[in-house]
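Under my numbering, think of the first position of the sequence shown as 34, with each following residue one higher.
C-beta: ideal position from N, C-alpha, C; glycine also.
Down below is the structure, laid out as structure tokens.
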Amino acid sequence: MNEEKKSRLGRGLDALLGSKGEHDQELKDINLERIEPNPYQPRDNAAAEEELEELAESVRENGILQPVILTTSGEGYYLVAGERRWRAARKAGLERIPALVRDLDQDKMMELALIENIHRKDLNPLEEARAYKQLLEELDLTQAELSSRLGRSRSSISNSLRLLKLPLEVQEYVSRETLSAGQARTLAGIDSKDQQIKAAEKIMEEKMSVRETEKYVSRLKKSAEESGERKDKELLNIDRLSQKVKTETSEPGEQLDEDEIDVRHSDGGVEDKSRQVRRSSLEKQLSRMLPLEIKIKEDEESWQLHIKADSLDQLENLLQKFEE
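Pasting the structure below:
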């Protein structure tokens, strides 16, 4: 985080906490047992045990150099900012800790916890993204409003939130820092969750850079688009096959269900409907027309028409229909 960002975040903390003169007048020594952790704390503290031990050792030698921020909670206090110092103090065996007590509602508690954490650069990318999401939802903010309150660009917040749309497996790779946030955001451009996971594993296995990841994902997307075009063409051919067969599909006046209605246009084109609906419709139509059991299968490369017949005679009759 550069100095300009730190400055903006610092001003955000000052606005929430008040002036330094006010701090000095309200500094208190609070019993650690009366303090509860901030329920809005976005950091995963369990992941920083080694770092916490180092801080506890520093506390044993030098004490707490910066007070924590508290707000009242019944007969005790909620920790608003400074959770690492509070945990380190407990680990170091202290009984009391210097604190500033502020009258804050839950919105300010949440906002201050996030600002403090971002200011300290202790959040990993997933924790930061979850904190943004929590602020947006709990405070009913737009991304533009959150950007203004935190002093961070809107694009930075938007890019961070993209990580939460990835499969949990990929998010775990980011949390463990085996996959960078930049690489993970690139994967968000792939539609298939399974493909995202497979791509992430290949990126880690081959130790790709972010730039190499971008090129790799671009190739995957292009391949998927070409495959999709082939499948659409093949499905259209199957659709036209249903027009070629001349047998009756229903009794006079019989109405087809909505999902059985032919999805053809008069000009031979195909309506913009989901492949699953189109496939189901074509299976039913072809099964009634032939009549044989028809299944349309899809794999990564193509569509396949499966016809189940009880005898060779049935297949010969089918061939005759195609030759008419």
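Determine the extent of the beta strand (DSSP E) in which residue 62 is found, giving its start and end residues.
The residue labelled residue 62 in the question sits at position 29 within the sequence shown. Its beta strand (DSSP E) spans residues 60-64.
Report the rounded CA-to-CA distance for residue 158 versus residue 119, giving the unit in angstroms.
Start at 1 with the first residue of the sequence shown, and residue 158 comes out as number 125. Start at 1 with the first residue of the sequence shown, and residue 119 comes out as number 86. If I take the Cα positions, the gap works out to 23 Å.
Starting from the C-beta of residue 108, find all residues in its chain whose C-beta is less than 8 Å away, skip the five residues before and the five after it, and write them out in chain order.
For the purposes of this step, residue 108 is identified with residue 75 of the sequence shown, where counting begins at 1. Counting only Cβ-Cβ distances below 8 Å, and skipping sequence neighbours, we find 67.
The beta strand (DSSP E) enclosing residue 236, as first and last residue numbers:
Taking the sequence shown and counting its residues from 1, the one referred to as residue 236 is at position 203. That residue, residue 236, is in no beta strand (DSSP E); its alpha helix (DSSP H) goes 226-238.
Please go through the same chain and pick out, in chain order, the residues whose beta-carbon is closer than 6 Å to the beta-carbon of residue 89, but skip the five residues on each side of it.
Sequence index remark: in the sequence shown, residue 89 carries index 56 (1-based). Once the five neighbours on either side are set aside, the close Cβ partners of residue 89 are 121, 124 and 125.
Going by alpha carbons, who is nearest to residue 223 out of 169, 210, 211 and 246?
As a position in the sequence shown, residue 223 is number 190, starting the count at 1. Out of 169, 210, 211 and 246, 246 has the C-alpha closest to the C-alpha of residue 223.
Could you tell me the boundaries of the alpha helix (DSSP H) in which residue 341 lies?
To locate residue 341, count along the sequence shown from 1; it is residue 308. From DSSP, residue 341 is part of no alpha helix (DSSP H) but of the beta strand (DSSP E) over 336-341.
Are the CB atoms of residue 179 and residue 168 within a distance shorter than 8 Å?
The residue you call residue 168 lines up with position 135 of the sequence shown. The residue you call residue 179 lines up with position 146 of the sequence shown. For residue 168 and residue 179, yes; Cβs fall inside 8 Å.
Return helix, strand or coil for residue 256, following the three-state DSSP convention.
Translated into positions along the sequence shown, residue 256 becomes position 223. Correct three-state label for residue 256: helix.
According to DSSP, is residue 129 part of a helix, a strand, or is it coil?
Here residue 129 refers to the residue found at position 96 of the sequence shown. Reduced to three states, the DSSP call for residue 129 is strand.
Going by beta carbon distance, what residues of the same chain come within less than 8 Å of residue 212, once the five residues before and after it are set aside?
Here the question's residue 212 lines up with position 179 in the sequence shown. Within the same chain, residue 212 has close Cβ partners 203, 206, 233, 236 and 237.
Just curious, the beta strand (DSSP E) that residue 114 is in, first and last residue?
Within the sequence shown, numbered from 1, the residue matching residue 114 stands at position 81. Its beta strand (DSSP E) spans residues 109-114.
Can you tell which of 346, 309 and 190 has its C-alpha closest to the C-alpha of residue 336?
Looking up residue 336 in the sequence shown gives position 303. Nearest option by C-alpha distance: 309.
How about residue 171 and residue 142: do their beta carbons lie closer than 8 Å?
For the purposes of this step, residue 171 is identified with residue 138 of the sequence shown, where counting begins at 1. For the purposes of this step, residue 142 is identified with residue 109 of the sequence shown, where counting begins at 1. In this structure, residue 142 does not lie closer than 8 Å to residue 171 by Cβ.
Opening and closing residue of the beta strand (DSSP E) in which residue 198 lies
By one-based count along the sequence shown, residue 198 stands at place 165. No beta strand (DSSP E) contains residue 198, which DSSP labels as neither H nor E.
Kindly list the residues whose CB is nearer than 7 Å to the CB of residue 106, restricted to its own chain and excluding five residues on each side of it in sequence; keep chain order.
Taking the first residue of the sequence shown as position 1, residue 106 is located at position 73. Once the five neighbours on either side are set aside, the close Cβ partners of residue 106 are 69.
Considering only the alpha carbon of each residue, which of 102, 186, 135 and 116 lies closest to residue 85?
The sequence position of residue 85 within the sequence shown is 52, counting from 1. That would be 116, whose Cα lies nearest to the Cα of residue 85.
Pick out whichever of 62, 139 and 330 has its Cα sitting closest to the Cα of residue 339.
In the sequence shown, residue 339 corresponds to position 306, counting from 1. Measuring from the Cα of residue 339, the nearest candidate turns out to be 330.
Who are the Cβ neighbours of residue 325 in its own chain at under 6 Å, not counting the five residues just before and after it?
Numbered from its first residue, the sequence shown carries residue 325 at position 292. Excluding residues within five positions, the ones whose Cβ falls inside 6 Å are 340 and 342.
N-terminal and C-terminal residue of the alpha helix (DSSP H) that residue 104 is part of:
Sequence index remark: in the sequence shown, residue 104 carries index 71 (1-based). That residue, residue 104, is in no alpha helix (DSSP H); its beta strand (DSSP E) goes 101-106.
Under 8 Å between C-beta atoms of residue 113 and residue 135:
In the sequence shown, counting from the first residue as 1, residue 113 sits at position 80. In the sequence shown, counting from the first residue as 1, residue 135 sits at position 102. Yes, these two residues count as a Cβ contact at 8 Å.
Return helix, strand or coil for residue 148, following the three-state DSSP convention.
Taking the first residue of the sequence shown as position 1, residue 148 is located at position 115. If DSSP states are grouped into helix, strand and coil, residue 148 belongs with the helices.
Under 8 Å between the Cβ atoms of residue 132 and residue 103?
Within the sequence shown, residue 132 is the residue found at index 99, counting from 1. Within the sequence shown, residue 103 is the residue found at index 70, counting from 1. Yes, the pair counts as a contact, with Cβ atoms nearer than the cut-off.
Test: residue 172 CB closer than 8 Å to a CB of chain B:
The chain labelled as chain B is not found in the depicted structure, where only one protein chain is given.
Quick one: what's got a C-beta closer than 8 Å to residue 348's C-beta in the same chain, skipping five residues either side?
To locate residue 348, count along the sequence shown from 1; it is residue 315. Result list for residue 348: 340 and 342, in chain order.
I'd like the span of the alpha helix (DSSP H) that includes residue 90, first residue to last.
On the sequence shown, residue 90 is found 57 positions in, with the first residue counted as 1. Start and end: 82-95.
In chain order, what residues of the same chain have a beta carbon less than 7 Å from the beta carbon of residue 200, not counting five sequence neighbours either side?
By 1-based counting over the sequence shown, the position of residue 200 is 167. If we look at residue 200 and ignore the five residues flanking it on each side, its Cβ neighbours are 226, 229 and 230.
Return yes when the Cβ of residue 197 is within less than 8 Å of the Cβ of residue 240, no when it is not.
For this step, residue 240 is matched to residue 207 along the sequence shown. For this step, residue 197 is matched to residue 164 along the sequence shown. Cβ atoms of residue 240 and residue 197: not closer than 8 Å.
Residue 111 versus residue 62: straight-line alpha-carbon distance, rounded
If you number the sequence shown from 1, residue 111 lands on position 78. If you number the sequence shown from 1, residue 62 lands on position 29. Cα-Cα distance, rounded: 15 Å.
Would you tell me roughly how many angstroms separate the C-alpha atoms of residue 175 and residue 71, rounded to the nearest one?
Your numbering for residue 175 matches position 142 in the sequence shown. Your numbering for residue 71 matches position 38 in the sequence shown. Answer to the nearest angstrom: the Cα atoms are 24 Å apart.
Report the rounded CA-to-CA distance for residue 251 versus residue 185, giving the unit in angstroms.
One-based indexing of the sequence shown puts residue 251 at position 218. One-based indexing of the sequence shown puts residue 185 at position 152. Looking at the two C-alpha atoms, the distance is approximately 29 Å.
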